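Participant:
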Amino acid sequence: MLISRLMVVIMLAVAVSTAAAQQVYKRQNADGSVTYSDQPLPQAEVINLQPVPVTEFTTHSPVTTQTQTAMSTVTDAAAPTAQIIAPAQQAAVRANDGSVAVRWQTTPNPLPDGYQLQLRVDQRIAWQGSSQTELTLTDIDRGERRLQLRVLDAEGNEVSRSDTIVVYVLRANINSPALATGATSGDGGGNDGN
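Just add 1043 to the spot in the sequence shown (first one is 1) and you have my numbering.
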């Protein structure tokens, strides 16, 4: 019995607070400014608020492009995928000659007839083909590089792509002060001890 009375009191409190929250009061101050409040103010008038207009949006079927259609057709038949397995994500690759070995795997292996892979380095096509699972890139500049594989169907439409792998290519700097002076580690700076 006590619980039901408590519930009634709570419901009444919610109903009263909701009704009170819908009241807005307006008062003109002595300096001519207007004050609005949700609390009754001395010499304030009640403003009746109109219901907030609700706009309903109609839903349209999405427009499909040729690429979306090609991708959805392949998706229905389990689109081939590719994954870079070497180098590892965030790997530091020592490559003084600028050569970086990349290995990948595809599912299915081999790719269906007509499908090709596209290896990209920093969004630029570095290689395209279908039968390889590894490649050595050459003349790669030092610094951060982003590698990604894309799977293309027979028409050249992209059907899937691998995660982007970030690698850091390390190359010796030919402008190193140590290389310029001919000094080597542990030679005492060229002093022969005499």
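Glycine included, C-beta positions come from ideal geometry on N, C-alpha and C.
Computed from a predicted structure; not experimentally measured.
1) Can you name the start and end residues of the beta strand (DSSP E) that residue 1097 belongs to?
2) Looking only at its chain, what residues have a beta carbon closer than 7 Å to the beta carbon of residue 1187, apart from the 5 residues adjacent to it on each side?
3) Do the segment 1170–1178 and the segment 1141–1160 make contact, defined as three or more Cβ pairs closer than 8 Å?
4) List the endpoints of the continuous beta strand (DSSP E) containing residue 1198.
5) So if DSSP puts residue 1079 in a beta bridge, which residue, or which two residues, is it bridged to?
6) Since residue 1145 and residue 1180 should fall inside the 8 Å C-beta cutoff, what is the C-beta to C-beta distance between them, to a whole number of angstroms?
7) Quick one: Cα of residue 1167 to Cα of residue 1185, how far?
8) Taking only the alpha-carbon atoms, compute the straight-line gap between residue 1191 and residue 1129 and give it to the nearest angstrom.
9) Use the C-beta contact count for residue 1149: other C-beta atoms within 10 angstroms, 16 or more gives buried, fewer gives exposed.
10) Mark residue 1234 as exposed unless 16 or more other C-beta atoms lie within 10 angstroms of its C-beta, in which case mark it buried.
11) Here's a check: name, in chain order, each residue in its chain whose Cβ is nearer than 7 Å to the Cβ of residue 1067, leaving out the five neighbours to either side.
12) Using only the alpha-carbon positions, how far apart do residue 1125 and residue 1205 sit?
Facilitator: Taking the geometry as given:
1) As a position in the sequence shown, residue 1097 is number 54, starting the count at 1. That residue, residue 1097, is in no beta strand (DSSP E); it is neither H nor E in DSSP.
2) Position 144 of the sequence shown, counted from the start, is the residue given in the question as residue 1187. Cβ neighbours of residue 1187 beyond the five flanking positions: 1209, 1211.
3) yes
4) The sequence position of residue 1198 within the sequence shown is 155, counting from 1. It is not in any beta strand (DSSP E) - residue 1198 carries neither H nor E in the DSSP assignment.
5) Numbered from its first residue, the sequence shown carries residue 1079 at position 36. Answer is 1069, bridged to residue 1079.
6) As a position in the sequence shown, residue 1145 is number 102, starting the count at 1. As a position in the sequence shown, residue 1180 is number 137, starting the count at 1. The pair is a contact, with the Cβ atoms about 6 Å apart (cut-off 8 Å).
7) What you label residue 1167 is simply residue 124 of the sequence shown in a count that begins at 1. What you label residue 1185 is simply residue 142 of the sequence shown in a count that begins at 1. So the two alpha carbons sit approximately 16 Å from each other.
8) Position 148 of the sequence shown, counted from the start, is the residue given in the question as residue 1191. Position 86 of the sequence shown, counted from the start, is the residue given in the question as residue 1129. In a straight line, the C-alpha of residue 1191 is about 11 Å away from that of residue 1129.
9) Position 106 of the sequence shown, counted from the start, is the residue given in the question as residue 1149. That one is buried.
10) Position 191 of the sequence shown, counting from 1, holds the residue named residue 1234. In this prediction, residue 1234 scores a pLDDT of 48, lower than 50, which makes its location untrustworthy; the coordinate-derived value is nonetheless stated afterwards. Looking at its Cβ environment, which holds fewer than 16 other Cβ atoms inside 10 Å, residue 1234 is exposed.
11) To locate residue 1067, count along the sequence shown from 1; it is residue 24. In the same chain as residue 1067, and ignoring 5 residues on each side of it, the C-beta atoms closer than 7 Å to its own belong to 1079, 1081, 1090, 1092, in chain order.
12) Within the sequence shown, numbered from 1, the residue matching residue 1125 stands at position 82. Within the sequence shown, numbered from 1, the residue matching residue 1205 stands at position 162. In a straight line, the C-alpha of residue 1125 is about 6 Å away from that of residue 1205.
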